[in-house]
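Residue numbers (this note's numbering), protein chains in the order written: chain A, 1 to 650; chain B, 1001 to 1137.
Encoded as structure tokens, the structure appears first; notes follow it.
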């Protein structure tokens, strides 16, 4: 069976090379039948990769340990769902998933646009072919999931903390996002190579970009929630290079999603958009280089492997190629119109873009800093949390404010007086919110207070827009249905506000105490009284050993919670089983970690009270709802775009 | 030409770039501090190194506890190599449950007189498939 997988990958490589070479020749020479043949090769490449994926999935499901990959990542006792999730748990499998999604996306995007954008798709095919060639080559020559061995009795298994539903969903979500960014990249490069740099490539890929961005954003939140509930350190984001690797392309894609609206509407920012789409794509590949090469130290223990060098080479070559094409096509990327005023909606979008890109590059600088200092000074130096937090506040808070102002102000030009007239209600809401929060004691954190006041302002602007729109159309549902993109965007903005409130609340207003308690003792933390009832040891369980501390809680919440440390049979690792009690009225968590002493009955409890932390997870759901509203097919919008873009196609 | 030189787009971009640079300058002037990150083998050549992070593998035995005056005591050697072992004395909150002999950790603190005085321990997160034996990937 492994032979079938290997053969399928070789066929995929051949078809990808064909799509690249023949597609390029066909596009250059204008040979339509040859271009159709290259497109069919890309579609067939998806088919052969699907065969390879089916072989690996079957081997995982059947616990076929003659596959080195299966033996290294699963065991007989592993439930089938986790055995299947090992597909993307290891390096070779995740590369195969990458190629599968890439060729699937590519084949579908090209097939859907083959008639409307024939001139453009002829150039898009070789770009997809080029990317697929790289991944297929790595899978065939460097990191094959189909290496075989004499089958051992059992496999090595899966770390218990990864046997979690969040870790089943988190990696494929990220891959759907990373790989999805190759669609706008391929169409953008295709547009430049074909010389047709009008807005059609943006219209063709808007939903692809939005979907990739949604997957990437939601995937990160799933990972954050796993870290929060499973790892047991009390946080959800550590500004680690591996985490930042997913954040950077998401920030670049966020900037791109906003700036394409300016290009669609005003024909401006064409060069900027090309740079952004290339940046988002390159950062998504760079993320894999970071996680796999071991060039930077991370708290995440990913495997070091030789594919890091290949990825670096690919990032360098594809970046130089993109830059060359952009410079070559600069004359075709001139703006149709000019920015007329620094006080206009397009200017607000530009400010938003600059802040997002500045934040993205700041994070990139923090990630690269250890490498740069090693090269320049011969000593590795790292940027810690204060660096990232400082720039998150410096760029994030103005971004939050712009999120409220931008959508309300007029295109072309407006005045300060007109803006103030529009914003009178949101300003009033934020001033009242600020005063109430100050009175409630939120002034202990200035950034937190600013974040809350700005959040109230943005929610105020969204509320005003919804009320005005609903009055005009008669119902909220009609309003949203008539302009899904705009109102889906507002829902996403609301989710970002919830995220900001959750982050500000759980970091700026968090209470942390470490208590040493003997059985029968009681302590109070932030309105909760914790009575240590005793230790409950795990007995007669062949799969695990360990103990739990039983806490009887009163005060803000009444009940019993258990928090302990568990060691699973066959694994050396001891896991925290964190005690978490959620107060949904305050969206607040009581979060307790127990640390048992070897020669004493005393237990050290780390107690965290995290106000509003659950708004972060609620924000994830609202984010997906908003993205889906904006993604949903909209016939009215399609007609508008067709009418507007008709002269460009003529 | 005269009109294009007064384009607000250029002004906006110039102001934005200047603003970003200003924020960078403020940060580096007031708060910007990076921390050296060293392996145990790199510490061997230094007498004192001030504040730092040490990345290594935990070497036993683990003695004491982090809340006592004598602290939690253990050693660190380079990840993936049997280098010189640097002694660590850690004071502070209880270390994470994942902390154990053989674990990869990042210890923050200071280095003086051949010893790391740790104030925080980050245990590497198991974001990978690991073996039930000591084999690593």
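Glycine included, every Cβ here is placed at the ideal spot set by N, Cα and C.
| Asked | Found |
| --- | --- |
| Below-9 Å beta-carbon distance, residue 1038/B vs any chain A residue | yes |
| DSSP beta-bridge partners of residue 580/A | 591/A |
| Anticipated Cβ contact below 8 Å, residue 537/A with residue 521/A, distance rounded | Not really, about 19 Å apart at Cβ, beyond 8 Å. |
| Short Cβ contact (9 Å threshold) for residue 333/A with residue 214/A | no |
| Same chain only: Cβ atoms within 7 Å of residue 1104/B, ignoring 5 sequence neighbours per side | 1057, 1079 and 1124 |
| Residue 488/A and residue 310/A closer than 9 Å at C-beta | no |
| Sub-9 Å separation of residue 5/A and residue 145/A beta-carbons | yes |
| Within 9 Å of chain B by C-beta, residues of the segment 231 to 247 of chain A in sequence order | 231, 232, 233, 238, 240 and 242 |
| Contact with chain B by residue 649/A, beta-carbon distance below 9 Å | The predicted position of residue 649/A is uncertain, since its pLDDT is 46 and thus under 50; no value can be drawn from it. |
| Chain A contact for residue 1002/B (CB, 9 Å cutoff) | Low confidence applies to residue 1002/B: its pLDDT is 39, below 50, so where it sits in the model is not reliable, and the reading given next is rough at best. Output row for residue 1002/B: interface = no. |
| Whole-angstrom C-beta distance between residue 397/A and residue 451/A, which should lie under 8 Å | 6 Å |
| Alpha-carbon spacing of residue 958/B relative to residue 620/A, whole angstroms | Coverage of chain B is limited to positions 1001 through 1137, which leaves residue 958/B absent and any answer about it impossible. |
| DSSP beta-bridge partners of residue 1053/B | 1037/B and 1108/B |
| Length of the line joining the Cα atoms of residue 463/A and residue 1102/B | 55 Å |
| Residues that residue 381/A contacts on chain B, provided the C-beta gap is smaller than 8 Å | 1034, 1035, 1036 and 1037 |
| Spatial distance of residue 358/A from residue 367/A (CA atoms) | 14 Å |
| Residue 514/A, DSSP secondary structure in three states | strand |
| Strand pairing of residue 547/A, partner residues [DSSP] | 537/A and 565/A |
| Coarse secondary structure for residue 237/A, derived from DSSP in three states | coil |
| Selected residue, minimal CA-CA separation from residue 1117/B, among 1044/B, 1068/B, 1073/B and 1041/B | 1073/B |
| Chain B within 9 Å of residue 354/A, Cβ atoms only | yes |
| Span of the alpha helix (DSSP H) around residue 1046/B | Careful: residue 1046/B lies outside any alpha helix (DSSP H) and carries neither H nor E. |
| Which of helix, strand or coil DSSP assigns to residue 682/A | For residue 682/A there is no data in the structure shown, the boundaries of chain A being 1 and 650. |
| Whole runs of the beta strand (DSSP E) within the segment 180 to 267 of chain A, excluding any shorter than 3 residues | none |
| Chain B contact residues for residue 370/A, given Cβ-Cβ distances below 7 Å | 1037 |
| Rounded straight-line distance, which links the Cα of residue 96/A to that of residue 364/A | 27 Å |
| Local Cβ density within 10 Å of residue 444/A, reported as buried at 16 or more and exposed below that | exposed |
| Anticipated Cβ contact below 8 Å, residue 606/A with residue 514/A, distance rounded | 5 Å |
| Distance, residue 224/A Cα to residue 375/A Cα | 32 Å |
| Three-state secondary structure assigned by DSSP to residue 491/A | helix |
| Cβ pair count under 8 Å reaching 3, the segment 523 to 541 of chain A against the segment 613 to 628 of chain A | no |
| Beta-carbon separation (whole angstroms), residue 1034/B vs residue 382/A, contact threshold 8 Å | 6 Å |
| Inter-residue Cα distance where the pair is residue 1133/B and residue 1076/B | Note on residue 1133/B: pLDDT 33, under 50, position unreliable in the model; the coordinate value appears next. In a straight line, the C-alpha of residue 1133/B is about 21 Å away from that of residue 1076/B. |
| Any C-beta of chain A under 9 Å from that of residue 1084/B | no |
| Own chain, CB closer than 7 Å to residue 1004/B, minus 5 neighbours either side, in chain order | Per-residue confidence for residue 1004/B stands at a pLDDT of 43, beneath the threshold of 50, marking its modelled position as unreliable; the derived number appears in the next sentence. There are no such residues. |
| Interface flag, residue 351/A vs chain B, CB-CB below 9 Å | yes |
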